[in-house]
Amino acid sequence: SKLDENGSPSEGWDGTTGGEQMPTGNYIWSISAKFKDGRVWDGTDLGDGNSNTYGFLLLIR
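This is how it looks when you write it as structure tokens:
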């Protein structure tokens, strides 16, 4: 997935993996990433001085 100039994901997940639709349910995501200049992405800003490189989502079809 691509990141914008602020380091935030610029594309969402379409609910598929390998071209197959995933079933409705709870999913956990985790990411580690580096920018082209070698800086490590710190994660999603939570607004309280903390950031996460993981999260949860509920896929509803």
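Just so we're aligned: 14 in the numbering used here is position 14 of the sequence shown, and the numbers increase by one with no gaps anywhere. Even glycine gets a Cβ: it sits at the ideal position worked out from N, Cα and C.
What do you reckon, are the CB atoms on Leu3 and Tyr27 nearer than 7 Å?
no
Residue of Gly15, Lys36, Glu20 minimising C-alpha distance to Glu5:
Lys36
Going by C-alpha distance, which of Ser8, Gly7, Gly12 is nearest Leu59?
Gly12
On the three-state DSSP scale, how would you describe Pro9?
strand
Would you tell me roughly how many angstroms separate the C-alpha atoms of Asn52 and Glu20, rounded to the nearest one?
28 Å
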